[in-house]
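Number of protein chains: 2
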Amino acid sequence: MRHDELADVNCSVARTWAVVGDRWTMLVLREVFRGQRRFEPIAERLGIGRNVLAARLRSLTDEGVLERVAYDDVPVRHEYRLTPKGEDLYPLLVALIQWGDAHQVDTPPVTLAHRGCGGTPEVRLRCAECDDELTRRDVEATFASDAW
Amino acid sequence: MRHDELADVNCSVARTWAVVGDRWTMLVLREVFRGQRRFEPIAERLGIGRNVLAARLRSLTDEGVLERVAYDDVPVRHEYRLTPKGEDLYPLLVALIQWGDAHQVDTPPVTLAHRGCGGTPEVRLRCAECDDELTRRDVEATFASDAW
DNA sequence: CAGTATCCTCGAGGATACTG
DNA sequence: CAGTATCCTCGAGGATACTG
Numbered sequence: 289m290r291h292d293e294l295a296d297v298n299c300s301v302a303r304t305w306a307v308v309g310d311r312w313t314m315l316v317l318r319e320v321f322r323g324q325r326r327f328e329p330i331a332e333r334l335g336i337g338r339n340v341l342a343a344r345l346r347s348l349t350d351e352g353v354l355e356r357v358a359y360d361d362v363p364v365r366h367e368y369r370l371t372p373k374g375e376d377l378y379p380l381l382v383a384l385i386q387w388g389d390a391h392q393v394d395t396p397p398v399t400l401a402h403r404g405c406g407g408t409p410e411v412r413l414r415c416a417e418c419d420d421e422l423t424r425r426d427v428e429a430t431f432a433s434d435a436w
Numbered sequence: 289m290r291h292d293e294l295a296d297v298n299c300s301v302a303r304t305w306a307v308v309g310d311r312w313t314m315l316v317l318r319e320v321f322r323g324q325r326r327f328e329p330i331a332e333r334l335g336i337g338r339n340v341l342a343a344r345l346r347s348l349t350d351e352g353v354l355e356r357v358a359y360d361d362v363p364v365r366h367e368y369r370l371t372p373k374g375e376d377l378y379p380l381l382v383a384l385i386q387w388g389d390a391h392q393v394d395t396p397p398v399t400l401a402h403r404g405c406g407g408t409p410e411v412r413l414r415c416a417e418c419d420d421e422l423t424r425r426d427v428e429a430t431f432a433s434d435a436w
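Going down the list, the protein sequences come from chains A and B. Heads up, the first sequence is in the numbering used here, so the first residue is 289 and it goes up one at a time. Heads up, the second sequence is in the numbering used here, so the first residue is 289 and it goes up one at a time.
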């Protein structure tokens, strides 16, 4: 299966992976969430090829994750902003940070804090009904007949 | 930057990505979380090359995400089980499902339910201190001086 | 500054045959 | 059944020069 065929499969993991599951996309998004919205600073910070970055920004824009907005007139320049669909990827990004903090680094390179209260933002799996915190053993999965 | 160089960078996102950020790893883990622990059924369901699957299982085992356990004697056979470090990836997997459900599919191919209560498991970003639900605008990030 | 256009490399992944 | 061994392809990504 080629990478782009993931988008055709009836699985939400695969379909999401078709959008973010390559070497650079999540790191580009990390920069955007961090407040970098422009081509040059992102390219420089990541050390990514310019053609590759251009391709990623285009595909994220096509997918509706980013929005390309003009910020200057002469010459016309654009910056990239998260759409609501893009903002919805924030828990995913924090989940990546959280797992890395717990298992892949000694001391966390980034510290997150809830503005005001100062507490630590955490991604947790909870039941929308009873609000219990859940592990995978508390969860039962039912697959649709046409699920991949 | 080659894929494996992600592991050397001082960023929890990149370090996590070094483990799960390729075409197949999260889909292999999806199968394991689903209860498939053996080579043959995973290979068949995913349609992944046997050499590729073997390589992924080995790297996940090396990283301590999976554990290779003998389940038969003659001939000796092994199955792959999630370690606690691997179980910690469950919120990440659910985050992928959740985003895909919301934005990439019409009807969710998999339905999750909290055993007993029947409610929907959800990944949410909350403050560990005050328990408020947070968006990225509520979060302030502070970078260590040596952060990538 | 924000890309596009080219060219190139290399390694991830596919396919298949084989083995204990 | 659970891999290993080989060979091969192709496309993602790197590098660099160029442009409005």
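The C-beta atom is built at its ideal place from N, Cα and C for all residues, glycine as well. None of the values given here were measured: they were computed from a predicted structure.
Alpha helix (DSSP H) segment containing residue i, residue limits
i         : result
Val303(B) : Contrary to the premise, residue 303(B) reads as Arg rather than Val in this sequence. 300 to 308 is the span of the alpha helix (DSSP H), which, as asked, contains Arg303(B).
His391(A) : 378 to 391
Val316(B) : 313 to 321
Thr349(B) : 338 to 350
Glu421(A) : Careful: Glu421(A) lies outside any alpha helix (DSSP H) and carries neither H nor E.
Glu293(B) : Segment: none, Glu293(B) is in no alpha helix (DSSP H) and carries neither H nor E.
Pro363(B) : No alpha helix (DSSP H) holds Pro363(B); DSSP gives it neither H nor E.
Gly406(B) : Neither: Gly406(B) is in no alpha helix (DSSP H) and is coded neither H nor E.
Exposure label - residue i; buried when at least 16 CB within 10 Å
i         : result
Pro397(A) : buried
Thr423(B) : exposed
Pro329(B) : exposed
Tyr368(B) : buried
Pro409(A) : buried
Glu332(B) : exposed
Glu421(A) : exposed
Gly335(A) : exposed
Gly374(A) : buried
Ser300(A) : buried
Asp389(A) : buried
Unbroken beta strand (DSSP E) run spanning residue i, endpoints
i         : result
Glu332(B) : Counting along the chain, Glu332(B) falls outside any beta strand (DSSP E), though it belongs to the alpha helix (DSSP H) covering 327 to 334.
Thr430(B) : 427 to 431
Pro409(A) : 409 to 415
Val398(A) : 398 to 402
Sub-8 Å separation of residue i and residue j beta-carbons
i         : j         : result
Pro379(B) : Arg412(A) : yes
Asp292(B) : Ala306(B) : yes
Glu428(A) : Ala401(B) : yes
Cys405(B) : Cys418(A) : yes
Trp436(B) : Val308(B) : no
Val316(B) : Leu370(B) : no
Asp376(B) : His391(A) : yes
Chain A contact residues for residue i, given Cβ-Cβ distances below 8 Å
i         : result
Val301(B) : Met314, Leu315, Arg318, Leu381, Leu384, Ile385, Gly388
Leu354(B) : Those do not exist, as Leu354(B) stays about 13 Å from chain A at its closest Cβ, beyond 8 Å.
Partner residues on chain B for residue i, Cβ-Cβ distance less than 8 Å
i         : result
Pro397(A) : Asn298, Cys299, Ser300, Phe431, Ala432, Asp434, Ala435, Trp436
Leu345(A) : Simply none; closest approach about 18 Å.
Per-residue contacts from residue i into chain B (C-beta, under 9 Å)
i         : result
Arg338(A) : Within chain B, no residue comes near Arg338(A); the closest Cβ sits about 14 Å away, beyond 9 Å.
Chain A contact residues for residue i, given Cβ-Cβ distances below 7 Å
i         : result
Arg311(B) : His291, Gly309
Thr304(B) : Leu384, Trp387, Gly388, Gln392
Leu341(B) : Ordered by position in chain A, no residue passes the 7 Å Cβ test against Leu341(B), which lies about 13 Å from the chain.
Residue i: contacting residues in chain A (beta-carbon distance under 9 Å)
i         : result
Arg322(B) : Ala429, Phe431
Within chain B, partners of residue i - CB distance below 7 Å
i         : result
Leu348(A) : Residues of chain B passing the Cβ test: none, with the nearest at roughly 13 Å.
- Query: Which of the residues in the segment 362 to 392 of chain A, read from start to end, lie with their CB under 9 Å from any CB of chain B?
  - Reply: Leu370, Lys373, Glu375, Asp376, Leu377, Tyr378, Pro379, Leu380, Leu381, Val382, Ala383, Leu384, Ile385, Gln386, Trp387, Gly388, Asp389, Ala390, His391, Gln392
- With 9 Å as the limit, tell me which residues of the segment 402 to 415 of chain B have their beta carbon closer than that to any beta carbon of chain A; keep them in chain order. Under the 9 Å Cβ criterion, the segment 402 to 415 of chain B contributes His402, Arg403, Gly404, Cys405, Gly406, Gly407, Thr408, Pro409, Glu410, Val411, Arg412, Leu413, Arg414, Cys415.
- Residues in the segment 414 to 435 of chain A with C-beta within 9 Å of chain B's C-beta atoms, listed in sequence order? Arg414, Cys415, Ala416, Glu417, Cys418, Asp419, Asp420, Leu422, Thr423, Arg424, Arg425, Asp426, Val427, Glu428, Ala429, Thr430, Phe431, Ala432, Asp434, Ala435
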